[in-house]
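Sequence order for the protein chains is Z and V.
Read in numbering that gives the first Met the number 0, the first sequence has 101 at position 102, and its numbers run on one by one without any break.
Read in numbering that gives the first Met the number 0, the second sequence has 18 at position 19, and its numbers run on one by one without any break.
Using N, Cα and C, we set each Cβ at its ideal position, and we do this for glycine too.
2 protein chains.
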Amino acid sequence: MREVCVVGVGMSQWGEIWRRSLRQLFVDAASDAIKSSGVDHLDGLYVGCMSSGLFVGQEHLGALMADYLGMRGLPACRVESACASGGMAVRSAFFEVASGASDIVMAAGVEKMTDCSGDDATYALATAADQEYEVFNGATFPGLYAMMAHAHMDRYGTTREMLSAVSVKNHKNGSMNPVAQYPFAITRETVENSVMVADPLRIMDCSPITDGAAAVIVTTEEIAKKLGKPYVKIIGSGVGTDTIQLCQRDDMTTIKAATIAFEKALKMSGKKLDDITFTEVHDCFTIAEIVVLESIGKYQPGEAGKAIVAGETALDGSFPVNTSGGLKSKGHPVGATGVAQVVEVYKQLTGQAEGDRQLKNSPKVGMAQNMGGSGASSVVHIMEVGS
Amino acid sequence: MREVCVVGVGMSQWGEIWRRSLRQLFVDAASDAIKSSGVDHLDGLYVGCMSSGLFVGQEHLGALMADYLGMRGLPACRVESACASGGMAVRSAFFEVASGASDIVMAAGVEKMTDCSGDDATYALATAADQEYEVFNGATFPGLYAMMAHAHMDRYGTTREMLSAVSVKNHKNGSMNPVAQYPFAITRETVENSVMVADPLRIMDCSPITDGAAAVIVTTEEIAKKLGKPYVKIIGSGVGTDTIQLCQRDDMTTIKAATIAFEKALKMSGKKLDDITFTEVHDCFTIAEIVVLESIGKYQPGEAGKAIVAGETALDGSFPVNTSGGLKSKGHPVGATGVAQVVEVYKQLTGQAEGDRQLKNSPKVGMAQNMGGSGASSVVHIMEVGS
Numbered sequence: 000m001r002e003v004c005v006v007g008v009g010m011s012q013w014g015e016i017w018r019r020s021l022r023q024l025f026v027d028a029a030s031d032a033i034k035s036s037g038v039d040h041l042d043g044l045y046v047g048c049m050s051s052g053l054f055v056g057q058e059h060l061g062a063l064m065a066d067y068l069g070m071r072g073l074p075a076c077r078v079e080s081a082c083a084s085g086g087m088a089v090r091s092a093f094f095e096v097a098s099g100a101s102d103i104v105m106a107a108g109v110e111k112m113t114d115c116s117g118d119d120a121t122y123a124l125a126t127a128a129d130q131e132y133e134v135f136n137g138a139t140f141p142g143l144y145a146m147m148a149h150a151h152m153d154r155y156g157t158t159r160e161m162l163s164a165v166s167v168k169n170h171k172n173g174s175m176n177p178v179a180q181y182p183f184a185i186t187r188e189t190v191e192n193s194v195m196v197a198d199p200l201r202i203m204d205c206s207p208i209t210d211g212a213a214a215v216i217v218t219t220e221e222i223a224k225k226l227g228k229p230y231v232k233i234i235g236s237g238v239g240t241d242t243i244q245l246c247q248r249d250d251m252t253t254i255k256a257a258t259i260a261f262e263k264a265l266k267m268s269g270k271k272l273d274d275i276t277f278t279e280v281h282d283c284f285t286i287a288e289i290v291v292l293e294s295i296g297k298y299q300p301g302e303a304g305k306a307i308v309a310g311e312t313a314l315d316g317s318f319p320v321n322t323s324g325g326l327k328s329k330g331h332p333v334g335a336t337g338v339a340q341v342v343e344v345y346k347q348l349t350g351q352a353e354g355d356r357q358l359k360n361s362p363k364v365g366m367a368q369n370m371g372g373s374g375a376s377s378v379v380h381i382m383e384v385g386s
Numbered sequence: 000m001r002e003v004c005v006v007g008v009g010m011s012q013w014g015e016i017w018r019r020s021l022r023q024l025f026v027d028a029a030s031d032a033i034k035s036s037g038v039d040h041l042d043g044l045y046v047g048c049m050s051s052g053l054f055v056g057q058e059h060l061g062a063l064m065a066d067y068l069g070m071r072g073l074p075a076c077r078v079e080s081a082c083a084s085g086g087m088a089v090r091s092a093f094f095e096v097a098s099g100a101s102d103i104v105m106a107a108g109v110e111k112m113t114d115c116s117g118d119d120a121t122y123a124l125a126t127a128a129d130q131e132y133e134v135f136n137g138a139t140f141p142g143l144y145a146m147m148a149h150a151h152m153d154r155y156g157t158t159r160e161m162l163s164a165v166s167v168k169n170h171k172n173g174s175m176n177p178v179a180q181y182p183f184a185i186t187r188e189t190v191e192n193s194v195m196v197a198d199p200l201r202i203m204d205c206s207p208i209t210d211g212a213a214a215v216i217v218t219t220e221e222i223a224k225k226l227g228k229p230y231v232k233i234i235g236s237g238v239g240t241d242t243i244q245l246c247q248r249d250d251m252t253t254i255k256a257a258t259i260a261f262e263k264a265l266k267m268s269g270k271k272l273d274d275i276t277f278t279e280v281h282d283c284f285t286i287a288e289i290v291v292l293e294s295i296g297k298y299q300p301g302e303a304g305k306a307i308v309a310g311e312t313a314l315d316g317s318f319p320v321n322t323s324g325g326l327k328s329k330g331h332p333v334g335a336t337g338v339a340q341v342v343e344v345y346k347q348l349t350g351q352a353e354g355d356r357q358l359k360n361s362p363k364v365g366m367a368q369n370m371g372g373s374g375a376s377s378v379v380h381i382m383e384v385g386s
């Protein structure tokens with residue numbers, strides 16, 4: 000397998016972006032990635048997108064986006080794994096370059112959620128759950144994650160304070176991210192006085208509905224070196240799945256798909272858990288960040304919440320988590336999130352994270368963990384700074 | 000790049016299958032493929048599907064299908080390129096095995112179209128066109144292909160008889176395919192007396208709305224040999240795109256995406272056009288078969304229709320096309336079609352095509368050409384019998 004690198008990254012603005020359509024958001028991020036990498040062409044394009052059919056009545060995004068990027072003819076395809084679609088796009092580009100079939104491939108993600116042409120955004124998102132057994136019975140994602148939160152609280156004594164600490168930390172980090180949807184710090188009181196969505200999850204425990212796009216350029220190490228730009232190596236890529244229905248899992252307080260994805264990525268990377276010094280994780284709800292940090296084995300079950308309250312996962316902690324602001328503050332355009340996580344890890348490893356959120360002590364190995372549905376799928380990428 | 004093979008194939012029944020849901024159709028085909036290949040596990044799964052969100056309110060098919068196949072944990076992802084989604088799933092599996100990351104990957108495709116939960120199937124399909132510029136102005140696919148047909152008739156003198164000949168030939172082939180939706184022979188009169196859909200295309204020029212699934216097992220040549228089952232090598236894989244809007248193309252009488260995809264696949268294969276002795280092509284409408292055969296350079300512009308009328312593309316002709324019955328007779332569950340084309344090429348190359356549609360003289364190299372939208376994307380695979 001050839002060494003595969005990320006050599007340039009791009010982001011659109013994230014938020015409620017009324018003046019930019021699905022295709023325009025994509026082009027914003029893609030143009031930015033091409034410019035930052037210095038590549039003069041692409042051999043392929045993967046577009047992560049969860050549900051543009053339901054959100055804006057548009058499928059066939061591969062061809063559409065190649066066209067609007069001004070690259071008629073470019074081999075292009077969309078990949079979908081619910082909210083893990085972006086991570087899967089990166090993985091698809093990784094395989095195409097690793098196989099030797101192509102040298103320069105873009106992995107992008109995009110979602111336009113705030114002017115949903117279908118029923119509503121909650122319905123579109125619910126199609127990531129089991130339509131026949133969960134959705135028809137009224138379950139939507141806040142409800143499913145609320146059940147996970149209650150189970151975790153019941154078994155491990157996880158507290159309201161721990162959930163709040165996730166939101167407060169991620170908003171603090173996001174306040175330094177120029178593309179974030181909600182770039183402002185909040186207090187614990189803000190979280191705990193916010194409106195209840197699905198007990199115990201309040202609105203400030205939930206990632207928002209977001210328009211946005213992200214893109215990265217994936218290439219060989221040889222080309223990355225020639226371009227003379229900072230680059231990072233993708234040293235591990237892993238995917239795991241679990242039952243699509245939450246009620247059928249062996250244990251609601253852990254996400255086995257994330258465990259599997261992490262173990263596969265770690266094995267490919269040849270690294271140990273402790274070699275990874277920071278990570279982006281899929282905090283679609285505050286409880287998800289806690290559960291994922293335990294599912295990858297970074298903390299013992301029941302210990303992640305305490306570590307977050309103690310500041311271990313803060314920017315200046317021993318294991319910074321979601322330096323970008325995470326889904327909570329940066330926003331969560333579902334198909335784009337997984338790519339944006341890779342963008343953040345790239346920026347941190349190459350010293351390009353904006354403002355005071357750049358990690359000190361030049362981190363060498365970082366990780367991005369992306370997740371679909373209530374944890375039925377997960378994709379993990381481990382990246383190392385280019386030498 | 001490692002040699003990549005197809006070692007087992009599976010199909011569900013195709014048609015208006017009221018008693019089988021989306022997931023059941025997938026499991027029918029996937030179980031069949033696993034059984035026919037003899038593999039004892041999978042390392043990954045790609046599911047080609049165009050628009051399950053709009054058809055049945057269900058996204059996240061990778062995790063869902065791994066789950067219902069009884070393979071919790073299996074890395075799985077959906078890929079989408081409108082009606083070329085199935086071909087793209089095969090290509091994704093091809094890259095994963097070629098890269099060395101995985102040894103045994105399933106590429107499947109599925110669509111459940113006949114009990115659409117959304118507006119209607121025509122709307123869902125139209126999301127493969129440009130929603131903002133074509134669909135909002137009333138264009139749907141019969142209309143777009145009708146414009147291509149008129150342009151082709153005007154420039155090259157293509158006739159009603161030539162369009163009918165495509166339909167008659169494909170129905171004759173499909174009459175020998177046990178999974179086909181419409182497995183019966185028809186006459187030219189049947190086509191020409193059928194109801195008009197979009198002039199000059201009548202209902203018997205159009206592929207139907209279909210429920211169905213198809214699956215193939217993609218692996219290394221070493222494993223294929225060990226399994227002791229018939230296998231074929233995937234020697235070429237190519238993708239091309241063009242403008243998503245038909246009106247923006249350089250020329251409406253050719254499909255450049257197919258030309259690009261074919262040239263890329265041919266280059267990878269190291270073969271010449273004449274080495275390929277039969278093909279499946281994407282006859283979503285009769286005119287499409289004519290245009291594609293010209294776009295890949297098999298016939299000069301304006302010559303394919305005459306060749307079809309002369310019987311050159313019949314089962315006993317010099318270059319059999321759509322031995323399976325094609326989309327017209329076999330049916331067109333849009334996400335499954337590209338995989339089913341690979342199933343047919345596999346069957347023909349390994350002497351397993353049912354009944355009298357098995358080609359004589361042991362063909363050595365065959366091709367599958369899959370297409371999205373009005374030709375905005377195309378994927379081509381060239382396969383050679385295993386030695």
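Proximal chain V residues relative to residue i, where beta-carbon distance stays under 8 Å
i: Z/Asp355; result: Under the 8 Å cutoff, chain V gives no residues; its nearest Cβ is about 37 Å from Z/Asp355.
i: Z/Gly72; result: Gly239, Thr240, Asp241, Lys255, Ala256 and Ile259
i: Z/Gly372; result: His59 and Ala62
i: Z/Ala375; result: His59, Ala62, Leu63 and Asp66
Interface flag, residue i vs chain V, CB-CB below 7 Å
i: Z/Asp31; result: no
i: Z/Gly239; result: yes
i: Z/Gln59; result: The residue you asked about is not Gln; residue 59 of chain Z is His in the sequence shown. With 7 Å as the cut-off, Z/His59 counts as an interface residue toward chain V.
i: Z/Thr242; result: yes
i: Z/Gly52; result: yes
i: Z/Met105; result: no
Beta bridge counterpart(s) of residue i as assigned by DSSP
i: V/Tyr45; result: V/Cys76 and V/Ala106
i: V/Glu383; result: V/Lys232 and V/Val364
i: Z/Thr240; result: Z/Ser376
i: Z/Cys205; result: Z/Phe284
i: V/Leu124; result: According to DSSP, which records beta bridges pairwise, V/Leu124 is partnered with nothing at all.
i: Z/Val217; result: Z/Val5 and Z/Val104
i: V/Glu279; result: V/Ala367
i: V/Met195; result: V/Arg201
i: Z/Val320; result: Z/Thr278
Presumed contact (8 Å Cβ cut-off) between residue i and residue j, rounded CB distance
i: Z/Met251; j: Z/Met112; result: In fact, because the Cβ distance is near 27 Å, the residues do not count as touching under 8 Å.
i: Z/Ala213; j: Z/Met0; result: No, Z/Ala213 and Z/Met0 are not in contact; Cβ-Cβ is about 25 Å, not under 8 Å.
i: V/Glu79; j: Z/Glu58; result: 6 Å
i: Z/Pro319; j: Z/Phe277; result: 4 Å
i: Z/Gly85; j: Z/Gly337; result: 3 Å
7 Å Cβ cutoff, residue i in contact with chain Z
i: V/Cys76; result: yes
i: V/Gly235; result: no
i: V/Asp66; result: yes
i: V/Glu79; result: yes
i: V/Ala88; result: no
i: V/Thr126; result: yes
Contacts of residue i in chain V (Cβ-Cβ under 7 Å)
i: Z/Thr121; result: Going along chain V, no residue has its Cβ under 7 Å from Z/Thr121, so there is no contact; the nearest lies around 13 Å.
i: Z/Phe94; result: Phe94, Glu95, Ser98 and Ala100
i: Z/Ser91; result: Ser91
i: Z/Met146; result: Near Z/Met146 there are no residues of chain V at all, since even the closest Cβ is about 18 Å away, more than 7 Å.
Same chain, Cβ closer than 7 Å to residue i, neighbours up to 5 away in sequence not counted
i: Z/Ala303; result: Ile289, Leu292 and Glu293
i: Z/Ser268; result: Ile234, Gly235 and Ile381
i: Z/Ala164; result: Ile307 and Val308
i: Z/Thr242; result: Arg248 and Ala375
Close beta carbons around residue i, own chain, < 8 Å, minus the five adjacent residues each side
i: Z/Tyr144; result: Ala197, Leu200, Cys283, Phe284, Ile286, Ala287 and Ser373
i: Z/Gln347; result: Phe277, Thr322, Gln357, Leu358, Pro362 and Gly365
Interface residues of chain Z facing residue i [CB-CB closer than 9 Å]
i: V/Asp129; result: Gln57, His59, Leu63 and Asp66
Contact list for residue i against chain B, beta-carbon separation under 9 Å
i: Z/Met382; result: Included in the structure are the protein chains Z and V, with no chain B among them.
Residues near residue i by beta carbon distance below 6 Å, same chain, minus five either side
i: Z/Tyr67; result: Arg22 and Val26
Proximal residues of chain V, C-beta to C-beta of residue i below 9 Å
i: Z/Ser113; result: Reading off the sequence shown, one finds Thr at residue 113 of chain Z, where the question assumed Ser. Per Cβ cutoff of 9 Å: no residues; Z/Thr113 is ~16 Å from chain V at best.
i: Z/Met49; result: Gly52, Glu58 and His59
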